[in-house]
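A.B. asks: So in the working numbering, spot 30 of the sequence shown is number 801, and the numbers just go up one at a time. We put the CB at the ideal spot given by N, CA and C, even for glycine.
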Amino acid sequence: MGGQLPARAAALTFDDGPDPAVTPRLLDVLSSSSVRATFFMCGLAAKNHPSLVRAVAADGHTIGGHSWDHRPMIRLSPAEWNRQVNDTHALLEELTGSAVRWFRPPWGESDWSTRRRLRQEHIATVHWSVHGRDWTERNPSVIAELVLRGLNPGAIVLLHDAIASFDSPTGIGNRRQLSQEPTLQAVDRILHVSRQRNLDLIPLDELSVVRLPSLDQPRWRRTRSAQRRSSDIGLPEQLRQGQSRRLN
Ligand SMILES: [Zn+2]
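1. Give every residue of the same chain whose Cβ lies closer than 8 Å to the Cβ of residue 779, excluding the five residues on either side of it in the sequence, and list them in chain order.
2. Examine ligand 1 and report whether any of its heavy atoms sits within less than 7 Å of the Cβ of residue 877.
3. Below 8 Å, how does it come out for the region 832-840 and the region 851-870: are there three or more Cβ pairs, yes or no?
4. So residue 784 and residue 934 are supposed to be a Cβ contact under 8 Å. How far apart are they, rounded?
5. For residue 917 and residue 901, I'd like the C-alpha separation in whole angstroms.
6. Which full runs of the alpha helix (DSSP H) of 4+ residues lie inside the region 884-926, going along the chain?
7. Return the CA-CA distance between residue 960 and residue 889, expressed in angstroms with no decimal places.
8. Between which two residues does the beta strand (DSSP E) carrying residue 782 extend?
9. Pick helix, strand or coil for residue 868, following the three-state DSSP scheme.
10. Quick check: the Cα distance between residue 833 and residue 867, rounded to an integer number of angstroms?
11. Determine the direct distance from the alpha carbon of residue 816 to that of residue 794, and round the result to whole angstroms.
12. At which residue ranges does the region 795-841 contain complete alpha helix (DSSP H) runs of 4 or more residues, listed in the order of the chain?
13. Taking the alpha carbon of residue 863 as the point to measure from, which residue in 899, 898, 891 and 826 has its own alpha carbon closest?
14. Just checking residue 957 against ligand 1 - is the residue's beta carbon closer than 7 Å to any of the ligand's heavy atoms?
15. Residue 898 and residue 875 look like a contact to me (Cβ under 8 Å); what is the Cβ gap, rounded to whole Å?
16. Relative to ligand 1, is the shortest distance from any of its heavy atoms to the C-beta of residue 837 smaller than 7 Å?
17. Hey, out of 884, 819, 823 and 880, whose CA is closest to residue 848's CA?
18. Got a sec? Which residues, its chain only, sit under 8 Å from residue 932 by beta carbon, not counting five neighbours each side?
19. Relative to ligand 1, is the shortest distance from any of its heavy atoms to the C-beta of residue 841 smaller than 7 Å?
20. Of the choices 830, 813 and 822, whose alpha-carbon is the least far from that of residue 860?
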């Protein structure tokens, strides 16, 4: 595809935080290996733990938006758009001093008009190419192996430093039912194996600079199908098909 990736680089991403029980420990694990990652944060969690947002930014990680309270980004009213996108991003920008450039829709669910509007605001919608199923899987070895299977150059890895509750009224209000201890242990192993594979783990801000084909921003301005392809960055095939069905 003619991309200009650094020799071997991939991106770890962590969703749904920040979380006071997990995020500080995750920051320690990452910094002890000099690895920087990307955190997709919910506005409500950021509002509850502003010092953690600042700590993540201070360590050089990229911070993206993940809605205010973990709602699907489908047919949002103007009021919901303000809450899920504008309020979240304004808060993150206020806390970090940096513009939000990345958005990951909760459950990977968004419609075409949402992604187009984000693009118009210079925000890329980014999914993932591999995940550790750590929203249900409790065995750290299984989480690590699921990730390591697909941890190739250009991979975007989905993991969680918190878990959004699927049934609470606010989406993340009761999200401490699951401990993310297994994820922390899995990250240790993932960092170890990535070193053995001579694979650099870098934040999305840097992966984007290297013209990974699926992040080729100028393509967004060409055809509608190219727009769709580019906005489905890293989306697994079955989800991509599901998303197309929803769009049609
Ligand atoms: Zn999420």
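C.D. replies: Quick look at the numbers:
1. As a working mapping, residue 779 is identified with position 8 in the sequence shown. Taken in chain order, the residues that qualify are 924, 968, 969, 970 and 971.
2. Indexing the sequence shown from 1 puts residue 877 at position 106. Closer than 7 Å to some heavy atom of ligand 1: that describes the Cβ of residue 877.
3. yes
4. As a first step, residue 784 must be located in the sequence shown, where it is residue number 13. As a first step, residue 934 must be located in the sequence shown, where it is residue number 163. Not confirmed; about 15 Å, so no contact.
5. As a working note, residue 917 is residue 146 in the sequence shown. As a working note, residue 901 is residue 130 in the sequence shown. Going by the C-alpha atoms only, they are around 8 Å apart.
6. 911-920
7. By 1-based counting over the sequence shown, the position of residue 960 is 189. By 1-based counting over the sequence shown, the position of residue 889 is 118. Going from the Cα of residue 960 to the Cα of residue 889 covers about 35 Å.
8. For the purposes of this step, residue 782 is taken as the residue at position 11 of the sequence shown. For residue 782, the uninterrupted beta strand (DSSP E) run begins and ends at 780-786, by DSSP.
9. Here residue 868 refers to the residue found at position 97 when the sequence shown is read from its first residue. Secondary structure of residue 868 (DSSP, three-state): coil.
10. Start at 1 with the first residue of the sequence shown, and residue 833 comes out as number 62. Start at 1 with the first residue of the sequence shown, and residue 867 comes out as number 96. Roughly 10 Å between the two C-alpha positions.
11. Taking the sequence shown and counting its residues from 1, the one referred to as residue 794 is at position 23. Taking the sequence shown and counting its residues from 1, the one referred to as residue 816 is at position 45. Near 12 Å, if we compare the C-alpha coordinates of residue 816 and residue 794.
12. Complete alpha helix (DSSP H) runs here, min 4: 814-819 and 821-829.
13. Stepping through the sequence shown from its first residue, residue 863 is reached at position 92. Per the Cα distances, 826.
14. In the sequence shown, counting from the first residue as 1, residue 957 sits at position 186. Because no heavy atom of ligand 1 lies under 7 Å away, the Cβ of residue 957 does not count as near it: no.
15. Taking the first residue of the sequence shown as position 1, residue 898 is located at position 127. Taking the first residue of the sequence shown as position 1, residue 875 is located at position 104. With a Cβ gap of about 7 Å, residue 898 and residue 875 count as contacting.
16. Mapped onto the sequence shown, residue 837 falls at position 66. Yes, the Cβ of residue 837 comes within 7 Å of a heavy atom of ligand 1.
17. For the purposes of this step, residue 848 is taken as residue 77 along the sequence shown, with counting starting at 1. For the residues 884, 819, 823 and 880, the minimum Cα distance to residue 848 belongs to 884.
18. As a working note, residue 932 is residue 161 in the sequence shown. Cβ neighbours of residue 932 beyond the five flanking positions: 785, 786, 787, 788, 789, 790, 793, 794, 797, 810, 951 and 954.
19. Within the sequence shown, the letter at position 70 stands for residue 841. True, at least one ligand heavy atom lies under 7 Å from that Cβ.
20. Residue mapping note: residue 860 aligns to position 89 of the sequence shown, counting from 1. Looking at the Cα atoms, 813 is the closest of the given residues.
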